[in-house]
Amino acid sequence: MTYTGSDDLTVSLDDGVLSVTLNRPDTLNSLSLEMLELLGDAVLQAATDPAVKVVRLGGAGRGFCSGAGLSPEDQEAKKFDAAAVLNAANRAVAALVNLPKPAVAVVHGVAAGVGVSLALGCDIVLASEKSSFLLAFTKIGLMPDGGASALVAASIGRARAMRMALLAEKLPAAEAYAAGLVSSVHAADDLDAEVDRVLATLKSGPAVALRKTKQAVNDATLTELNNTFARETAGQIQLLNAADFREGVASFQQRRLPVYSDV
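Residue 4 is where the sequence shown starts when you use the numbering used here, and the numbers rise one by one after that.
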């Protein structure tokens, strides 16, 4: 099979490993609609490609993914349709979760917003000791999306997920590992070797057993994921059109405390 990528999202298949790389390093790999659509397409295609044994998702440059751009300026300039971006993000995350093969996220630097969702949509998250995870939505009057409400809670429990989402606190790599958000944490110089080891183990493993194990764990922990996508999308679209979002962004840009409404 032939896979379609772009300058901003590269896709390559080598010896059973489909590598998908977010490639906008100047923006810490912020996601466009096209990138999300291509990512979803690649993972869905990999699901039926016998040449693919495992999918690797990573980011170029200093970070994994800084999330999607949802500023008022972007909306006014009609650079994207917010609903289309949210739906494409949901589709990409769902494709990773439902992929009948293992998916490995390689996280260095920041994973923020829907970047957290993409990482947790994978089955194994290998993180650099310099990585961090952030759901900063409430700082600008928004809510988590891309399935984060379910994915984070399934990984670290309701109390810790609430703290991460409501307080918008950054979770450094060591704390993320201790909380159960990531599979393992490694020194930056050792991360590539660990990635190679894990990919080699998975691609040479028993495909049927791996598939059934993945399905069993996901069925036990992510039964509400589809409902979560719907709730988050409806809520986020409402919030994107609210005064609090505009105030949150304006206060951030003006380096002042926001003044939010009560309704």
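Ideal placement from N, C-alpha and C gives every residue a C-beta, glycine not left out.
*Cut-off 6 Å between Cβ atoms - residues of its own chain near Val185, not counting five sequence neighbours on either side*: On the sequence shown, position 182 is the one that residue 185 refers to. Here the set comprises Val128, Ala130, Ala179.
*State the start and end residues of the unbroken beta strand (DSSP E) segment that holds Thr13.*
Locating residue 13 in the sequence shown gives position 10, counting from the first residue. It spans 12 to 17 - the beta strand (DSSP E) in which Thr13 sits, taken as one unbroken run.
*asked:* Does Thr236 pass the burial test, meaning 16 or more other C-beta atoms within 10 Å, or should it be called exposed?
replied: For the purposes of this step, residue 236 is taken as the residue at position 233 of the sequence shown. Label assigned to Thr236: buried.
_Residue burial classification, Asn32 (beta-carbon count within 10 angstroms, cutoff 16)_ = Reading the sequence shown from its first residue, position 29 is the one you call residue 32. By the 10 Å Cβ count, Asn32 comes out buried.
_Contained alpha helix (DSSP H) runs [length at least 4] in the region 159 to 214, N- to C-terminal order_ = Counting only unbroken stretches of 4 or more residues, the alpha helix (DSSP H) elements lying wholly within the region 159 to 214 are 161 to 169, 176 to 182, 194 to 206, in sequence order.
_beta strand (DSSP E) segment containing Ile127, residue limits_ = In the sequence shown, counting from the first residue as 1, residue 127 sits at position 124. Residues 127 to 131.
*asked:* I'd like to know if the region 86 to 94 and the region 23 to 39 are in contact, where contact means that at least 3 CB-CB pairs between them fall below 8 Å.
replied: yes
_Distance check for Leu170 and Glu197, CA to CA, integer angstroms please._
Taking the first residue of the sequence shown as position 1, residue 197 is located at position 194. Taking the first residue of the sequence shown as position 1, residue 170 is located at position 167. Inter-residue distance for Glu197 and Leu170 is about 32 Å (C-alpha atoms, whole angstroms).
*Range of the contiguous beta strand (DSSP E) that encloses Ser135*: If you number the sequence shown from 1, residue 135 lands on position 132. Counting along the chain, the beta strand (DSSP E) containing Ser135 begins and ends at 135 to 137.
*asked:* Below 8 Å on the Cβ atoms is my contact criterion, and I expect Val46 with Ala98 to pass it. Report the Cβ-Cβ distance as a whole number of Å.
replied: For the purposes of this step, residue 46 is identified with residue 43 of the sequence shown, where counting begins at 1. For the purposes of this step, residue 98 is identified with residue 95 of the sequence shown, where counting begins at 1. Going by Cβ atoms, the distance from Val46 to Ala98 rounds to 4 Å, so yes, they are a contact pair.
*contact_flag[the region 209 to 221, the region 60 to 68] where n(CB pairs < 8 Å) is 3 or more*: no
*When the Cα atoms are used, what is the spatial distance from Asp77 to Leu243?*
The count along the sequence shown starts at 1 and reaches residue 77 at position 74. The count along the sequence shown starts at 1 and reaches residue 243 at position 240. Summary for Asp77: the model assigns pLDDT 45, below 50, so the residue's position carries little reliability; its value from the coordinates is reported in the next sentence. Straight-line Cα distance between these residues: approximately 11 Å.
*asked:* For the alpha helix (DSSP H) containing Arg249, name the first residue and the last one.
replied: In the sequence shown, counting from the first residue as 1, residue 249 sits at position 246. 246 to 257 is the span of the alpha helix (DSSP H), which, as asked, contains Arg249.
*asked:* Given this structure, state the Cα-to-Cα distance separating Arg27 from Ala71, to the nearest angstrom.
replied: Taking the first residue of the sequence shown as 1, we reach residue 27 at position 24. Taking the first residue of the sequence shown as 1, we reach residue 71 at position 68. Computed Cα separation, rounded: 12 Å.
*asked:* Which residues does DSSP list as the beta-bridge partners of Thr24?
replied: Locating residue 24 in the sequence shown gives position 21, where the first residue counts as 1. Answer by DSSP bridge pairing, in chain order: Thr13, Gly61.
_Contact set for Ala190: own chain, Cβ-Cβ below 8 Å, skip 5 residues either direction_ = Taking the first residue of the sequence shown as position 1, residue 190 is located at position 187. Within the same chain, Ala190 has close Cβ partners Ser131, Glu132.
_For Ala233, report the span of its alpha helix (DSSP H) as first-last._
Looking up residue 233 in the sequence shown gives position 230. 228 to 243 is the extent of the alpha helix (DSSP H) around Ala233.
*State the DSSP-derived secondary structure class of Leu225, mapped to helix, strand or coil.*
As a working note, residue 225 is residue 222 in the sequence shown. If DSSP states are grouped into helix, strand and coil, Leu225 belongs with coil.
*asked:* Checking 8 Å against the spacing of the C-beta atoms, do Val58 and Val100 come in under that value?
replied: On the sequence shown, residue 58 is found 55 positions in, with the first residue counted as 1. On the sequence shown, residue 100 is found 97 positions in, with the first residue counted as 1. Going by C-beta atoms, Val58 is not nearer than 8 Å to Val100.
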